[in-house]
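2 protein chains.
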Amino acid sequence: MADVARLAGVSSQTVSRVSTGHPGVVESTRQQVLAAMRQLGYRPNSAARALKRGEFRTLGVILFTLATTGNSRTVEAIAGYAAKEGYAITLIPVAAPTQDGVLGAFSRLGELAVDGIIVIMEVHLLDAANLNLPPGVQVVVVDSDAGDRYPVVDTDQADGARQAVRHLLELGHETVWHVTGPAESFASERRTQAWRRTLLEAGRAVPPVQRGDWTADSGYRAGLALAAEPECTAVFAANDQMALGLLRAFHERGRTVPGDVSIVGFDDIPDSSSFIPPLTTVHQDFAEVGRRCVQGLLRQIRNEPEGPGTVLVPTRMVVRASTAPPGSRRG
Amino acid sequence: MADVARLAGVSSQTVSRVSTGHPGVVESTRQQVLAAMRQLGYRPNSAARALKRGEFRTLGVILFTLATTGNSRTVEAIAGYAAKEGYAITLIPVAAPTQDGVLGAFSRLGELAVDGIIVIMEVHLLDAANLNLPPGVQVVVVDSDAGDRYPVVDTDQADGARQAVRHLLELGHETVWHVTGPAESFASERRTQAWRRTLLEAGRAVPPVQRGDWTADSGYRAGLALAAEPECTAVFAANDQMALGLLRAFHERGRTVPGDVSIVGFDDIPDSSSFIPPLTTVHQDFAEVGRRCVQGLLRQIRNEPEGPGTVLVPTRMVVRASTAPPGSRRG
DNA sequence: CTCCCGGATGTTTGCGTTAACATCACGCTC
DNA sequence: GAGCGTGATGTTAACGCAAACATCCGGGAG
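Heads up: the sequence lines are chains Y and W, in that order.
Going left to right, the first sequence walks through residues 79 to 409 as this note's numbering numbers them.
Going left to right, the second sequence walks through residues 79 to 409 as this note's numbering numbers them.
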């Protein structure tokens, strides 16, 4: 910076004013400084800037994996909105969804240059890690029920599941079977609860739950079990990938979809419109979730406190070709 | 830090020594300092640290989207290995795959606190953005052919495509049709080149290319066109999602897979084993790509220069149920 | 007993930036 | 024409930390 100042024949403070876009610099001076910057390849040192300002303009995102559609899409949206607000995103991967893994991530966190953190995981794992968040670092949580302790942003899992079940009931199915996700996922639990409640409210029987782990393979295994239940005519899968597995299992067992069995998924991943048949599913607005996360976190950082509470992003049914009235097998 | 020093009854330098793990601090003193740190919730200011050390311990990853399996898996691997080396990852999303978008990302880059950058995109887009990388910032590129200017790490696209085509030829197919990805993708172009060359080397006819855009939908449209070609018995899709679309198109047109038509994909996404039928595909080792990226970049940062050059990560065929000899339709 | 040496700890300084204050020149008013 | 205000620019200091150097202490050699 001193070099730039010297070359431009001004003081370093004037260089600073130019590079931060402060007013009160005459145009001719400004151009000289800009020229000197270019010539010397000057680039402000963000560490020094952060040191002086006391903030990093960076948000941390802590999560287990980018392998699920939901996580990667949410992170992408977060990164986009954060960039728009002048914030960068630092990824903090947790090695494994265990206490040790979380602990490791949070110890690294202490060293990190972030102004706030978005946590994408069930919050009881944080508790297990006897969460001592660095003071001054704000938090927003996704996929959790910690609405009484931290601000939470999430898809309206319950309403989404309710819509899925209602859709199947309205088509005339007696009841709806369910393939759930892993027990440690809050989203999965919420969807299962809502499925059960919706059936109960409609006075229907609640069939036993098939447990999966989000993967298509686990959906396939669940589908094999379900195909052996002759009275199973409608299934609500907790995500699209497990629905894909169901589709294959029913196909292999000669149970046509939607003729013999109707299937609804959750997420509306891009591929789901190309399943065989195209999948009826519950659309999640990951971009909106990301946006609300960043918005909430920045509001905290800027000291416009909101306190704990939950923001629910609505879902909507996307009806494609995997659902039909029961017993509508063609031919 | 001064507060901690006061509370522990030592100088701030001793606190610094403790927090950086320097030797030459007697155990009893160390414990006192540690206790004071805990009591005050002290956390070293990484901006100041970075300022003093002249490095940020952060790597930037610049890419268009996390929506493709390859990108998100690669980023995940990068983040994991970087963490292991004590580096954090900053995500730099590019709004759109246009010159403007890239330009915007690189202007933001100037402000960013990174020691090196991993670029996941075709490098000619960088050129378009008249790339003036901040001096002192190292670069590694993925999905590009810039091996003469930057170090490049990539999947061995050509060999993967060759394996796919050979597999189909060895099953007895006369030739292999191809659904390619978007023209601006280097990976896609490489796969297409290798497909063509392999056919030529085997003295086979080279059918016209169907162009897709990586999405299952585009694969579906290509599949519709291909289903109308009676002599088409084998298709190599440039990724698994387009293969999924092909599967649906052929299914809807009553062309059985693999009885009437064999299909090979590329990527080996987790879902591909649950397609109908389970997909034969080329497995990419994204984790290895990520590891090599980080390794190469850190080597540059640590001044163990390697210069430009290309690291190719091998692929392997995963044979499932979507390929068979031609005309093997059951029944 | 003195001197010296080495290990433990303290003091000083500067990393690059910007806020706050100081200065300076110019033009306007009375 | 003296005084004053305004806007442009310069000077100083501090952000938190750690490298370099300074100091202090105790113990062993002579």
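Cβ coordinates follow ideal geometry from the N, Cα and C atoms, glycine included.
Using only CA atoms, which one of the options lies nearest to residue i?
i	options	result
P285/W	S89/W, R274/W, I347/W, T233/W	R274/W
A125/W	L190/Y, R227/Y, M320/Y	L190/Y
T253/W	T98/W, V96/W, P404/W, R84/W	P404/W
T98/W	Q378/W, Q319/W, R131/W, R407/W	R131/W
E279/W	G250/W, Q288/W, V257/W, R244/W	R244/W
T334/W	D363/W, A399/W, E366/W, G138/W	A399/W
R369/W	V219/W, F142/W, T146/W, R127/W	V219/W
D178/Y	F142/Y, I195/Y, E163/Y	F142/Y
A283/Y	E366/Y, E163/Y, H251/Y, E262/Y	H251/Y
V342/W	P356/W, H329/W, R331/W	P356/W
T358/W	W292/W, L249/W, A174/W	L249/W
T176/W	S340/W, G297/W, E262/W	E262/W
T388/W	G374/W, I379/W, V396/W	G374/W
T233/Y	V93/Y, V367/Y, T92/Y	V367/Y
G332/Y	E330/W, S340/W, I354/W, N317/W	I354/W
V93/W	S106/W, M79/W, P101/W, E105/W	M79/W
L390/Y	V180/Y, V231/Y, A86/Y, C310/Y	V231/Y
L39/W	E309/W, R84/W, G281/W	Because residue 39/W is not part of the residues shown, which for chain W are 79 to 409, the question remains open.
Do residue i and residue j have their C-beta atoms within less than 7 Å of each other?
i	j	result
L322/W	A294/W	yes
V197/W	I140/W	yes
A166/W	T136/W	yes
T393/W	H361/W	yes
P171/Y	G158/W	yes
R95/Y	V103/Y	yes
Q288/W	A300/W	yes
I195/Y	G148/Y	no
F314/W	A155/W	no
A327/W	A305/W	yes
R51/Y	D338/Y	Outside the shown range of chain Y, which is 79 to 409, sits residue 51/Y, and nothing can be said about it.
A236/W	A272/W	yes
Where residue i and residue j are concerned, what is the direct C-alpha to C-alpha distance, given to the nearest angstrom?
i	j	result
G238/Y	R269/Y	8 Å
D349/W	F134/Y	39 Å
P386/Y	P229/Y	4 Å
V153/Y	A303/W	36 Å
V372/Y	Q109/Y	36 Å
E267/Y	S222/Y	10 Å
F184/Y	A160/Y	22 Å
N381/W	D193/W	12 Å
L246/W	T146/W	26 Å
K162/Y	R186/W	10 Å
R116/W	L129/W	24 Å
P265/W	F344/Y	Reading the sequence as shown, one finds Ala at residue 265/W and not Pro. Their backbone Cα atoms lie some 31 Å apart in a straight line.
G164/Y	L144/W	20 Å
D346/W	V396/W	8 Å
P71/W	E105/Y	No statement about residue 71/W is possible, as the shown extent of chain W runs from 79 to 409 and does not include it.
E307/W	H329/W	15 Å
L277/W	Y298/W	24 Å
L181/Y	G188/Y	11 Å
S90/W	W292/W	57 Å
Label residue i either buried or exposed according to how many other C-beta atoms from any shown protein chain fall within 10 Å of its C-beta, with 16 as the threshold for buried.
i	result
G290/Y	buried
P336/W	buried
L169/Y	buried
P383/W	exposed
H256/Y	buried
E200/W	buried
Q241/W	buried
G259/Y	buried
Q216/W	buried
S351/W	buried
A316/Y	buried
A174/W	exposed
Q378/W	buried
G409/W	Legend: pLDDT at G409/W = 47, less than 50; position of this residue unreliable, no value from coordinates given.
Name, in chain order, the residues that DSSP records as bridge partners for residue i.
i	result
P171/W	L141/W
T388/Y	V230/Y
R268/W	In the DSSP output, where bridge partners are listed per residue, R268/W has none listed.
D345/W	H361/W
R289/W	T258/W
A312/Y	S340/Y
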